[in-house]
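Peer 1: Chains as they are written, first to last, in the numbering used here: chain A, 623 to 802; chain B, 623 to 802; chain C, 623 to 802; chain D, 623 to 802. C-beta atoms are modelled at their ideal positions from N, C-alpha and C, and glycine is treated no differently.
Number of protein chains: 4
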Amino acid sequence: MTAAMELVAENGFHGAPMAMVAERAGVSVGTIYRYFETKDDLIVETYADLERRIYSCMLEKFPDKRPIRDKFLHIAKTLLLYCISRPMDYKFLEQFHHSPYGTAHKRERVFGKKCDSIVWKLFQEAMVEGIVEDLPLVVLLELAFSPVLAMARDHILGFVELDEEMIGRAVEGCWRAIAR
Amino acid sequence: MTAAMELVAENGFHGAPMAMVAERAGVSVGTIYRYFETKDDLIVETYADLERRIYSCMLEKFPDKRPIRDKFLHIAKTLLLYCISRPMDYKFLEQFHHSPYGTAHKRERVFGKKCDSIVWKLFQEAMVEGIVEDLPLVVLLELAFSPVLAMARDHILGFVELDEEMIGRAVEGCWRAIAR
Amino acid sequence: MTAAMELVAENGFHGAPMAMVAERAGVSVGTIYRYFETKDDLIVETYADLERRIYSCMLEKFPDKRPIRDKFLHIAKTLLLYCISRPMDYKFLEQFHHSPYGTAHKRERVFGKKCDSIVWKLFQEAMVEGIVEDLPLVVLLELAFSPVLAMARDHILGFVELDEEMIGRAVEGCWRAIAR
Amino acid sequence: MTAAMELVAENGFHGAPMAMVAERAGVSVGTIYRYFETKDDLIVETYADLERRIYSCMLEKFPDKRPIRDKFLHIAKTLLLYCISRPMDYKFLEQFHHSPYGTAHKRERVFGKKCDSIVWKLFQEAMVEGIVEDLPLVVLLELAFSPVLAMARDHILGFVELDEEMIGRAVEGCWRAIAR
DNA sequence: GATGAATGAGCGTTCATTCAT
DNA sequence: GATGAATGAACGCTCATTCAT
Numbered sequence: 623m624t625a626a627m628e629l630v631a632e633n634g635f636h637g638a639p640m641a642m643v644a645e646r647a648g649v650s651v652g653t654i655y656r657y658f659e660t661k662d663d664l665i666v667e668t669y670a671d672l673e674r675r676i677y678s679c680m681l682e683k684f685p686d687k688r689p690i691r692d693k694f695l696h697i698a699k700t701l702l703l704y705c706i707s708r709p710m711d712y713k714f715l716e717q718f719h720h721s722p723y724g725t726a727h728k729r730e731r732v733f734g735k736k737c738d739s740i741v742w743k744l745f746q747e748a749m750v751e752g753i754v755e756d757l758p759l760v761v762l763l764e765l766a767f768s769p770v771l772a773m774a775r776d777h778i779l780g781f782v783e784l785d786e787e788m789i790g791r792a793v794e795g796c797w798r799a800i801a802r
Numbered sequence: 623m624t625a626a627m628e629l630v631a632e633n634g635f636h637g638a639p640m641a642m643v644a645e646r647a648g649v650s651v652g653t654i655y656r657y658f659e660t661k662d663d664l665i666v667e668t669y670a671d672l673e674r675r676i677y678s679c680m681l682e683k684f685p686d687k688r689p690i691r692d693k694f695l696h697i698a699k700t701l702l703l704y705c706i707s708r709p710m711d712y713k714f715l716e717q718f719h720h721s722p723y724g725t726a727h728k729r730e731r732v733f734g735k736k737c738d739s740i741v742w743k744l745f746q747e748a749m750v751e752g753i754v755e756d757l758p759l760v761v762l763l764e765l766a767f768s769p770v771l772a773m774a775r776d777h778i779l780g781f782v783e784l785d786e787e788m789i790g791r792a793v794e795g796c797w798r799a800i801a802r
Numbered sequence: 623m624t625a626a627m628e629l630v631a632e633n634g635f636h637g638a639p640m641a642m643v644a645e646r647a648g649v650s651v652g653t654i655y656r657y658f659e660t661k662d663d664l665i666v667e668t669y670a671d672l673e674r675r676i677y678s679c680m681l682e683k684f685p686d687k688r689p690i691r692d693k694f695l696h697i698a699k700t701l702l703l704y705c706i707s708r709p710m711d712y713k714f715l716e717q718f719h720h721s722p723y724g725t726a727h728k729r730e731r732v733f734g735k736k737c738d739s740i741v742w743k744l745f746q747e748a749m750v751e752g753i754v755e756d757l758p759l760v761v762l763l764e765l766a767f768s769p770v771l772a773m774a775r776d777h778i779l780g781f782v783e784l785d786e787e788m789i790g791r792a793v794e795g796c797w798r799a800i801a802r
Numbered sequence: 623m624t625a626a627m628e629l630v631a632e633n634g635f636h637g638a639p640m641a642m643v644a645e646r647a648g649v650s651v652g653t654i655y656r657y658f659e660t661k662d663d664l665i666v667e668t669y670a671d672l673e674r675r676i677y678s679c680m681l682e683k684f685p686d687k688r689p690i691r692d693k694f695l696h697i698a699k700t701l702l703l704y705c706i707s708r709p710m711d712y713k714f715l716e717q718f719h720h721s722p723y724g725t726a727h728k729r730e731r732v733f734g735k736k737c738d739s740i741v742w743k744l745f746q747e748a749m750v751e752g753i754v755e756d757l758p759l760v761v762l763l764e765l766a767f768s769p770v771l772a773m774a775r776d777h778i779l780g781f782v783e784l785d786e787e788m789i790g791r792a793v794e795g796c797w798r799a800i801a802r
């Protein structure tokens, strides 16, 4: 999965042929197919793994007792820092999100109401308490997080050099975008 | 180029073989290669064309005499409405942005200082006047526009049903994100 | 199609990879796919072609005015001689018949009542006239023709050396098998 | 061997990968290779086993004291009934006969003069007594038995519904084909 | 200038066979 | 003796690109 992630990150799905994944992983092609039914399967599982890692990262030092705003800032900052510190992970994430895989995955999230992640829980709590704008959850999530990922991308590609202070101010901007 | 855009929008770059583009365009493959050196060339020119169309759309009814805030709201709304009304165009845009083409294109923009578009001009004006946060231009642009495109995507994929009123409130959120 | 037939005849369907067919035909793989959608398609069309050739062979010097018995003997002899004189054709035929292709093809024949060939017409005429045993058409066909093909096979593989005289006596045996 | 036979019968040699055979047999792939040197070896031995079962079936109630005609009718009927009652066995037989395995096997039979089976003995006796046509043994065998197997196939594939009476009349046809 | 047949490297996937455990 | 993970050559098929017509 590491090999797959790196190659997809570097060259996109098309630039990650199974033979190359195998070579980088130091195994034969056949071996991959012992653990993953298809290339799609490999990609999807790799993504699930990555998502799990990110969520577990967010849970570290999570400000349980603090107001919702602080929780959001923690999550957004953590996400941004994670992406910046692991460019491969971010780039894979991006490829995944803007592919049929990602669309299907999100569709399941949105319509399946799989609101089990801390992010979704936090936002629903915020909506109930009325401290964020009265907009659909999906819209709030985009207002809040799409800049985070976009900034990570710009940093990784060298379009900006983000530092802790700027990150702090930026995610506060994200909060203002949704806060009532 | 229309044929290419539609096919890329529907199926991604891989789902748009030159033969299929030719067929949809009602010409032969050879003819495409007379006007575009490579497939990449076709894609890049198609994107340039699309970008031009979007900018010209923004210039319609542009509130020249109004404050910067209004100008921004006009631009953001126009962009969102354009994407929503032309899903193919949006989807092509998305494919392009998250591909090596898009990265190269943006790199040229950022480092080439090709700040000729109304958007870049507007933001530089806003920075000079100090009415937006003191953050790098690139960061401001992401805070302001990445949610717009993300929302367009969600609407097109059916994850939300945006109406004029929601769009207005959402782009105001975008403004708050960057405004001092 | 000739290349495909030869290779299938020599090595079976598995021994006839598209790359090898292409090589023997003196074209590239891609070229085959311009004329045949899939390998299956190539095989099926090759068979149809062969069948047409055999039927047209049977029509030569067809004893129109003679009794049914003579017509049958002509057909059976022609088939046997054709197979013997074109071992590749026979071997391809055999491979085809004993494969899913052949089963599907026969199913269509039997249930689709596609009784347009001279053979089916002849047998139905014979059944109506009551000069053959009162058995299902399918059974009569097997009694009459399966030995013909089996003998062709044995000759081609060198298990017997058939001559005109033996062939005559053998197909008379086939006739006795079905004649009342 | 049972697992191999079933899978080959159902899907042909290609549809019977060793891993699948192993799984169906409830053993590991390695274990198969302990008892059979290669896949070919497994197939050939499985065939030999089947052939033995069929011969032993023919010997049951064999009309030792009756004329040759009755012996033939018994053998042919038994073969047909065996195939019909065990479609898997028949289908494996068919796959085998029309493959390189089958050709090699028959070649050995014909040229090795391995005439030990009751069938070969019966026919040689009949030839010596002059009660069958004066044709090569191989030809007589095809005239007599190829329709039997072909009919079994048609029955199994649902092209005819054979009953005891029809079977009786059909094998009498086979006898007439060879009888002087 | 336009055509589209031809090319062939490359892709995802399979499977007979091996061998360390 | 039994296991099953590992191997990698081979397969059917695709598609960007070329070039004779």
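1. To the nearest angstrom, report how far apart residue 782 of chain D and residue 632 of chain D are at their CA atoms.
2. From which residue to which residue does the alpha helix (DSSP H) around residue 779 of chain D run?
3. Span of the alpha helix (DSSP H) holding residue 722 of chain D?
4. Pull the bridge partners of residue 754 of chain A from the DSSP assignment, please.
5. Measuring CB atoms only, is the region 767-777 of chain B touching the region 690-709 of chain B, in the sense that at least three cross pairs come out at less than 8 Å?
6. Do you know whose CA, among A:777, A:758, A:744, A:638, lies nearest residue 687 of chain A's CA?
7. For residue 752 of chain A, return the contacting residues in chain B, with the cut-off set at a CB-CB distance below 9 Å.
8. Kindly list, in the order they appear in chain A, the residues whose Cβ is closer than 9 Å to that of residue 636 of chain B.
9. Along the chain, where does the alpha helix (DSSP H) containing residue 652 of chain B start, and where does it finish?
10. Hey, residue 715 of chain C and residue 789 of chain C are a contact pair by Cβ (cut 8 Å); roughly how many whole angstroms apart?
11. How long is the line joining the alpha carbons of residue 657 of chain A and residue 637 of chain B, rounded to whole angstroms?
12. Return helix, strand or coil for residue 685 of chain A, following the three-state DSSP convention.
13. Give the C-beta separation of residue 721 of chain C and residue 635 of chain C to the nearest angstrom, bearing in mind that I take them to be a contact with Cβ-Cβ under 8 Å.
14. Is residue 741 of chain C near residue 748 of chain C, with beta carbons less than 8 Å apart?
15. Candidates C:665, C:690, C:727: which alpha carbon is nearest residue 797 of chain C's?
16. Compare the C-alpha of residue 662 of chain B against each of B:780, B:718, B:728 and name the closest.
17. At the level of alpha carbons, what is the spacing between residue 792 of chain C and residue 791 of chain D?
18. Cβ of residue 647 of chain A within 8 Å of Cβ of residue 625 of chain A?
19. Determine whether the Cβ of residue 760 of chain D lies closer than 8 Å to any Cβ atom of chain C.
20. Cβ closer than 7 Å: which chain B residues qualify as neighbours of residue 720 of chain A?
21. In this structure, does DSSP put residue 692 of chain B in helix, strand or coil?
22. Where does residue 671 of chain C fall in DSSP's three states?
23. With distances taken from CA atoms, which of B:774, B:779, B:728 is nearest residue 780 of chain A?
24. In the structure shown, what three-state DSSP assignment does residue 678 of chain A receive?
25. Quick one: give me the first and last residue of the alpha helix (DSSP H) that residue 645 of chain C is part of.
26. Check whether chain C comes within 8 Å of residue 773 of chain D, counting only Cβ atoms and requiring the distance to be less than that.
27. What are the boundary residues of the alpha helix (DSSP H) that includes residue 710 of chain A?
28. Quick check on DSSP: helix, strand or coil for residue 627 of chain A?
29. Take the Cβ of residue 732 of chain A as the centre, count every other Cβ of all protein chains shown within 10 Å, and call the residue buried at 16 or more, exposed below.
30. Kindly say whether residue 781 of chain D, judged by its beta-carbon, lies nearer than 8 Å to any beta-carbon of chain C.
31. Let me confirm a value: residue 681 of chain C is counted as buried when at least 16 other C-beta atoms fall within 10 Å, else exposed. Which label applies?
32. If you measure between the beta carbons of residue 627 of chain D and residue 668 of chain D, is that distance less than 8 Å?
33. Less than 6 Å between C-beta atoms, sequence neighbours within five positions excluded: which residues of the same chain meet that for residue 776 of chain C?
34. I'd like to know whether the C-beta atoms of residue 705 of chain D and residue 774 of chain D end up nearer to each other than 8 Å.
Peer 2: Taking the coordinates as given:
1. 20 Å
2. No alpha helix (DSSP H) contains residue 779 of chain D, which DSSP labels as neither H nor E.
3. 722-734
4. A:801
5. yes
6. A:744
7. Ordered by position in chain B, no residue passes the 9 Å Cβ test against residue 752 of chain A, which lies about 15 Å from the chain.
8. 635, 636
9. 651-657
10. About 18 Å; that fails the 8 Å criterion.
11. In this model, residue 657 of chain A and residue 637 of chain B are separated by some 28 Å (Cα to Cα).
12. coil
13. 7 Å
14. no
15. C:690
16. B:718
17. 20 Å
18. A distance below 8 Å separates the beta carbons of residue 647 of chain A and residue 625 of chain A.
19. By this cut-off, residue 760 of chain D is an interface position.
20. 716, 720
21. helix
22. helix
23. B:728
24. Correct three-state label for residue 678 of chain A: helix.
25. 640-647
26. yes
27. 709-719
28. helix
29. buried
30. yes
31. Residue 681 of chain C counts as exposed, since fewer than 16 other C-beta atoms from the protein chains shown sit within 10 angstroms of its C-beta.
32. yes
33. 782
34. Yes; because the gap between Cβ atoms is below 8 Å, this pair is in contact.
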